[in-house]
Amino acid sequence: MPQQFSRRSALWLKLARQRLGGRHARGGKRLLYLCFAAAGTLLSACGFLPQPHTVPLPALHDRLSPAAPAKRLVVMLPGIYDKAADFVSEGFVKDLRSRGIDADVLMPEAHFGYYEARDVDLRLEQDIFAPARAQGYREIWIVGVSLGGLGALLYSSQHAESITGILLIAPFPGTDKVLGEIRQAGGLRSWSATPQAQMGDERPALRWFASAASLQQQKPASVPGIFLATGKADRLFEGQRLLSEALPPAHVQLVEGGHDWQTWRHLWQEFLDEGPWALEAAKRAHLDRIRL
């Protein structure tokens, strides 16, 4: 059954269509799909008050030590109309710190306005990732929640060489139109070779995802490790399943739950305990026990 949009949601959809229509109506990069997301598809923990589009892109930092950068940097991208501070208030940073993982955390205010302006990948590169590379981090990871998952793919499709790994938590997988193309083609990999896949909007990022996902078992240095985690009752699950089918089973994590912070934190905790940083966390916990 179609979701019932609130009057406020319908008004925002109308305004967003007007903003992205007109002179941009024929542009392949107008990202109209984000308007539909804003109008009701991604309403978890999100409000509809417009947020300022500022340059440079502001961000919150949580450093392991003020003396020097940690071994890795974890960049956390929020969902539509979520805030960078939500990663703190919802316990993501606390969970990372409690496991003693060698990482600094950077949380950009990459809200819907940057997607609407079609410059989220540019702002992330110039204001977040380029300065991070200059600091000498040995690893750079992206954790993208909901719309932030799409942001992680948009950025990585252009700058894969800068990224060590990506964790997509309940990612926005694309519009119904594009997901329909993928289903009709028989899956993401088959779709990526079709003429429709060569068009604009989110398609270039999904084509890159299809290519990168096919290389996950080989683990080439030029391709980030990609992990996808979501709740089985997530309202975007059918689209997320299309993405997950392109990944090795070991890179896909499913739990009970919907499209909400409680589920996302559960997924984050499981990634910390069972993912690629788990051994580091276990060693740190062992050392702490010895010291005691």
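Taking our numbering, the leading residue of the sequence shown gets 10, the next gets one more, and so forth. The beta-carbon is built from N, C-alpha and C at its ideal position, and this holds for glycine as well.
Given residue i as reference, the closest of the options once Cα atoms are compared
{"i": "Tyr-164", "options": "Gln-271, Arg-192, Asp-282 and Ala-214", "result": "Ala-214"}
{"i": "His-62", "options": "Arg-127, Phe-138 and Ala-94", "result": "Arg-127"}
{"i": "Ser-171", "options": "Phe-138, Trp-200, Asp-185 and Gln-144", "result": "Phe-138"}
{"i": "Pro-233", "options": "Thr-239, Ala-219 and Phe-246", "result": "Ala-219"}
{"i": "Ala-119", "options": "Pro-285, Glu-148 and Gly-158", "result": "Gly-158"}
{"i": "Gly-145", "options": "Arg-81, Trp-273 and Tyr-124", "result": "Arg-81"}
{"i": "Glu-247", "options": "Gln-227, Pro-257 and His-268", "result": "His-268"}
{"i": "Trp-200", "options": "Arg-216, Ser-74 and Leu-237", "result": "Arg-216"}
{"i": "Gly-183", "options": "Leu-251, Leu-224 and Leu-237", "result": "Leu-251"}
{"i": "Asp-210", "options": "Ala-230, Val-64, Glu-125 and Gly-100", "result": "Glu-125"}
{"i": "Lys-92", "options": "Gln-262, Ala-230 and Trp-270", "result": "Trp-270"}
{"i": "Ile-178", "options": "Phe-121, Ser-107, Ala-194 and Leu-263", "result": "Leu-263"}
{"i": "Trp-150", "options": "Thr-203, Ile-110, Gly-100 and Gly-189", "result": "Ile-110"}
{"i": "Leu-176", "options": "Phe-280, Ala-291 and Pro-67", "result": "Phe-280"}
{"i": "Leu-86", "options": "Gln-249, Val-261 and Asp-130", "result": "Asp-130"}
{"i": "Gln-249", "options": "Ala-291, Ala-290 and Gly-189", "result": "Gly-189"}
{"i": "Ala-77", "options": "His-275, Ala-141 and Arg-132", "result": "Ala-141"}
Residue burial classification, residue i (beta-carbon count within 10 angstroms, cutoff 16)
{"i": "Asp-243", "result": "buried"}
{"i": "Leu-245", "result": "buried"}
{"i": "His-70", "result": "exposed"}
{"i": "Ser-155", "result": "buried"}
{"i": "Gly-160", "result": "buried"}
{"i": "Met-10", "result": "Low confidence applies to Met-10: its pLDDT is 32, below 50, so where it sits in the model is not reliable, and the reading given next is rough at best. Exposed, by the Cβ-count rule."}
{"i": "Arg-212", "result": "buried"}
{"i": "Arg-147", "result": "exposed"}
Alpha carbon of residue i to alpha carbon of residue j, nearest angstrom
{"i": "Ala-222", "j": "Tyr-90", "result": "28 Å"}
{"i": "Ile-235", "j": "Asp-282", "result": "17 Å"}
{"i": "Ala-169", "j": "Val-83", "result": "15 Å"}
{"i": "Leu-105", "j": "Asp-113", "result": "10 Å"}
{"i": "Trp-273", "j": "Gly-240", "result": "8 Å"}
{"i": "Gly-88", "j": "Trp-286", "result": "24 Å"}
{"i": "Pro-257", "j": "Pro-65", "result": "37 Å"}
{"i": "Ala-206", "j": "Ser-166", "result": "14 Å"}
{"i": "Arg-192", "j": "Ala-238", "result": "21 Å"}
{"i": "Lys-228", "j": "Gly-174", "result": "11 Å"}
{"i": "Gly-266", "j": "Leu-288", "result": "27 Å"}
{"i": "Gly-100", "j": "Pro-204", "result": "43 Å"}
{"i": "Gln-60", "j": "Gln-135", "result": "20 Å"}
{"i": "Met-208", "j": "Ala-259", "result": "31 Å"}
{"i": "Lys-186", "j": "Gln-225", "result": "27 Å"}
{"i": "Pro-67", "j": "Gly-195", "result": "41 Å"}
{"i": "Arg-108", "j": "Trp-277", "result": "12 Å"}
{"i": "Phe-121", "j": "Pro-75", "result": "31 Å"}
{"i": "Asp-95", "j": "Leu-115", "result": "12 Å"}
{"i": "Gly-56", "j": "Ser-231", "result": "Low confidence applies here, because Gly-56 scores a pLDDT of 44, under 50, leaving its location unreliable; read the following figure in that light. When rounded, the distance between both Cα atoms is 38 Å."}
{"i": "Ala-290", "j": "His-275", "result": "17 Å"}
{"i": "Lys-38", "j": "Tyr-123", "result": "Reliability of the predicted coordinates at Lys-38 is poor, the pLDDT of 40 falling under 50, and no value is obtained from them."}
{"i": "Gly-284", "j": "Val-102", "result": "16 Å"}
{"i": "Ala-79", "j": "Leu-133", "result": "20 Å"}
{"i": "Arg-72", "j": "Ala-202", "result": "43 Å"}
{"i": "Val-97", "j": "Val-261", "result": "25 Å"}
{"i": "Ala-143", "j": "Lys-292", "result": "29 Å"}
Bridge partners - residue i, DSSP secondary structure assignment
{"i": "Glu-148", "result": "Arg-81"}
{"i": "Phe-236", "result": "Leu-176"}
{"i": "Met-116", "result": "Leu-69"}
{"i": "Gln-262", "result": "Ala-238"}
{"i": "Gly-153", "result": "Leu-86 and Leu-177"}
Cβ-Cβ separation, residue j to residue i (assumed contact under 8 Å), whole Å
{"i": "Glu-254", "j": "Leu-197", "result": "7 Å"}
{"i": "Pro-180", "j": "Gly-153", "result": "6 Å"}
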